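Colleague:
There are 2 protein chains.
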Amino acid sequence: MRERLFSVVRPTARRASVAIDLVPVTPMRGGLATLLVPSMDPRAREPWILPWDAPRDVETLDDGAARVCRAALGGRSVPLEQVGAFGDGQRHPGEAEISITFAALVPLGGASVALEIEARWFDVDALPALAPRQQRIVAAALESLRARLDLASVAFRLLPPAFTLTELQAVYELLVGRALHKASFRRTLQAAGVVEPLAEWRSDGRGRPAQLFRRAPVDDRAIRRGVRFELL
Amino acid sequence: MRERLFSVVRPTARRASVAIDLVPVTPMRGGLATLLVPSMDPRAREPWILPWDAPRDVETLDDGAARVCRAALGGRSVPLEQVGAFGDGQRHPGEAEISITFAALVPLGGASVALEIEARWFDVDALPALAPRQQRIVAAALESLRARLDLASVAFRLLPPAFTLTELQAVYELLVGRALHKASFRRTLQAAGVVEPLAEWRSDGRGRPAQLFRRAPVDDRAIRRGVRFELL
DNA sequence: TCAATAGTGTCTGTTAGACATTATGGA
DNA sequence: TCCATAATGTCTAACAGACACTATTGA
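Chains A and B supply the protein sequences, listed in that same order.
Here the working numbering runs 44 ahead of the position in the first sequence, where the first position is 1.
Here the working numbering runs 44 ahead of the position in the second sequence, where the first position is 1.
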């Protein structure tokens with residue numbers, strides 16, 4: 045069978061149903077958690093779905109994702125990352141043909157803010173049953189966060205403005221999926237100048253209180269000074 | 045203004061015009077080149093566009109991209125990478141509302157195969173005028189190749205099965221955007237066992253002939269042996 | 001012999017990781 | 001005082017990069 049030639053036939057864009065799906069992600073209890081909302085669709089078999097909406101006429105996809113995000117998180121705005129587009133060419137009841145997915149990076153502790161809707165955070169290792177495509181979407185979103193070259197920027201966006209180095213290390217470990225060496229981690233952060241100490245300490249009730257840090261304003265320094273740390 | 049609540053209102057997917065755009069990429073004359081086709085749309089201002097088509101009813105997006113790819117490359121199949129979805133919410137004449145973009149990794153030398161259509165390879169640093177969105181799409185595709193965590197797999201897919209180490213290094217340098225140290229590069233490849241020497245040599249006419257290599261079947265070895273080389 | 005490219009040997013500064021130790025809070 | 005957590009000091013093996021060198025082809 046012969047493929048269509050571009051120079052002869054001009055293709056016409058096809059209209060397809062499109063949804064913007066959101067995968068909200070936050071560090072929680074030593075792991076990552078994602079936010080699901082109850083499915084209001086009577087045709088759906090699974091009770092939980094990812095927050096979603098249709099893109100609107102006059103907004104960019106990024107703006108649409110931000111809108112879905114605000115609706116799901118009770119008005120809060122958090123950093124978004126596009127994960128990709130999914131579509132298996134089959135029409136499942138109540139499911140768009142094409143789903144464009146964004147991960148929402150909710151900072152540590154952000155899961156505890158009051159949600160205006162009936163939503164729940166689930167540990168990503170203990171999700172309820174999801175529709176097949178939704179399952180793939182969640183997996184892809186986590187994968188894309190973990191595989192990101194610029195790990196530092198993902199890590200910092202999963203943390204509040206002030207954090208302890210232990211928290212930063214824990215987030216890094218979630219992302220790379222293995223334990224890191226504490227002394228090494230701290231030495232390199234300092235050498236690269238990617239964090240700045242604050243004049244504040246925080247105690248968890250037991251043990252020595254930890255100093256709080258923030259991300260340093262400029263972090264090209266890591267490159268300038270030739271730091272080779274694989275995680276920065 | 046109040047945001048919509050998921051628990052109250054169930055959104056409905058919107059139908060939008062969707063296109064699959066392809067960014068074919070290949071190493072060429074010391075840089076990267078991309079394939080453009082003549083625009084057959086009389087409404088278009090720019091004479092060249094990226095190869096594209098509409099997704100079909102019963103195919104996945106990946107299959108659709110593979111189809112566009114075969115049509116553009118004269119039947120050849122090459123590895124594809126999804127870059128992302130683009131849509132500014134505005135309707136430009138002859139342009140889909142949403143464009144889902146794939147990069148096609150055409151191995152070194154693949155640009156010289158006969159194309160069945162009126163297509164041309166352009167150095168990515170000397171592209172003709174493109175529509176604004178197409179320009180953004182090309183930039184994003186290159187960015188995503190360069191920023192990939194798994195540089196090795198992108199590099200090998202931009203090379204034929206048998207290649208010289210100088211070629212491999214050149215591709216790496218294109219991807220990371222800087223010169224690499226020859227001795228270091230080779231030492232690390234050997235230590236990690238990511239390439240295997242073949243019993244073949246190739247001469248460019250002058251200088252000592254270079255040995256040909258292929259990618260080693262298993263490359264978890266790099267991890268097993270604890271290789272830390274930033275590029276593997 | 002020269003030019004050009006492929007490929008290797010040796011050295012050194014830097015760093016990741018191991019390990020041990022000190023510091024500082026609460027009970 | 002004991003426990004728990006934070007934070008740091010020292011040592012070592014390993015590696016990236018610098019540099020110089022050898023190897024192998026064609027002209």
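Every residue, glycine too, gets a C-beta built ideally from N, C-alpha and C.
Bear in mind that the values here come from a model prediction, so they are computed numbers and not experimental data.
Just list the residues that DSSP pairs threonine 78/A with in beta bridges.
Modeller: In the DSSP output, where bridge partners are listed per residue, threonine 78/A has Val69/A and Phe166/A.
Colleague: So, helix, strand or coil for threonine 104/A, using DSSP?
Modeller: Reduced to three states, the DSSP call for threonine 104/A is coil.
Colleague: Quick one: measure Cβ to Cβ for valine 81/A and isoleucine 93/A, integer angstroms, because I've assumed they're closer than 8 Å.
Modeller: Rounded, the Cβ-Cβ distance is 6 Å, consistent with contact.
Colleague: Does proline 172/A pass the burial test, meaning 16 or more other C-beta atoms within 10 Å, or should it be called exposed?
Modeller: The residue is exposed, with fewer than 16 neighbouring Cβ atoms inside 10 Å.
Colleague: Go ahead and pull the three-state DSSP assignment for leucine 218/B.
Modeller: Helix, per DSSP.
Colleague: Assess, as a yes-or-no matter, whether the segment 67-78 of chain B is touched by the segment 169-185 of chain B under the definition of 3 or more beta carbon pairs within less than 8 Å.
Modeller: As far as the Cβ criterion goes, the segment 169-185 of chain B touches the segment 67-78 of chain B, which means the pair count is three or higher.
Colleague: So that I know if they touch, is there some Cβ in chain B lying closer than 7 Å to that of valine 62/A?
Modeller: With 7 Å as the cut-off, valine 62/A counts as an interface residue toward chain B.
Colleague: If you measure from the beta carbon of aspartate 132/A to each beta carbon in chain B, is any gap under 7 Å?
Modeller: Aspartate 132/A counts as touching chain B.
Colleague: Please tell me whether alanine 191/A has its Cβ less than 7 Å away from any Cβ of chain B.
Modeller: With 7 Å as the cut-off, alanine 191/A counts as an interface residue toward chain B.
Colleague: Need the endpoints of the alpha helix (DSSP H) that leucine 256/B sits in, please.
Modeller: Note, leucine 256/B: premise wrong, no alpha helix (DSSP H); beta strand (DSSP E) at 254-259.
Colleague: Run through DSSP, which three-state label would glutamate 47/B get?
Modeller: Because glutamate 47/B carries a pLDDT of 43, less than 50, the predicted location of this residue cannot be relied on, and no value is offered for it.
Colleague: Is the Cβ of arginine 59/B closer than 7 Å to any Cβ of chain A?
Modeller: Interface residue, yes.
Colleague: Using beta-carbon positions only, say whether threonine 145/B and valine 168/B come within less than 7 Å of one another.
Modeller: No; because the gap between Cβ atoms is not below 7 Å, this pair is not in contact.
Colleague: Got a sec? Which residues, its chain only, sit under 8 Å from arginine 114/A by beta carbon, not counting five neighbours each side?
Modeller: Arg120 and Ser121, listed in sequence order.
Colleague: Please compile the residues from chain B whose C-beta is within a distance smaller than 7 Å of the C-beta of leucine 174/A.
Modeller: The premise fails here: leucine 174/A is roughly 16 Å from chain B at the closest Cβ pair, so nothing lies under 7 Å.
Colleague: Closer than 8 Å, Cβ to any Cβ of chain A: which residues of the segment 90-105 of chain B, in chain order?
Modeller: Residues passing the 8 Å Cβ filter: Pro95, Trp96, Asp97, Ala98, Pro99, Arg100, Asp101, Val102, Glu103, Thr104 and Leu105.
Colleague: Grab the span of the beta strand (DSSP E) containing glutamine 126/B for me, first residue to last.
Modeller: It spans 124-130 - the beta strand (DSSP E) in which glutamine 126/B sits, taken as one unbroken run.
Colleague: Applying a beta-carbon distance threshold of less than 9 Å, which residues of chain B neighbour glutamine 126/A?
Modeller: The answer, in chain order, is Gly128 and Ala129.
Colleague: Is the beta carbon of leucine 66/A less than 7 Å from the beta carbon of proline 95/A?
Modeller: Contact: yes.
Colleague: So with CB distances below 9 Å, who are the chain A contacts of isoleucine 181/B?
Modeller: Under the 9 Å cutoff, chain A gives no residues; its nearest Cβ is about 13 Å from isoleucine 181/B.
Colleague: Start and end of the alpha helix (DSSP H) containing arginine 231/A?
Modeller: Element bounds for arginine 231/A: 226-236.
Colleague: Can you tell which of Met84/B, Ala170/B, Pro253/B and Ala260/B has the C-alpha that lies nearest to the C-alpha of proline 205/B?
Modeller: For the residues Met84/B, Ala170/B, Pro253/B and Ala260/B, the minimum Cα distance to proline 205/B belongs to Ala260/B.
Colleague: Answer yes or no: do alanine 57/A and serine 61/B have a C-beta to C-beta separation smaller than 7 Å?
Modeller: Yes. Within cutoff.
Colleague: When you compare only the Cα positions, how much space is there between leucine 152/A and arginine 231/A?
Modeller: Cα-Cα distance, rounded: 23 Å.
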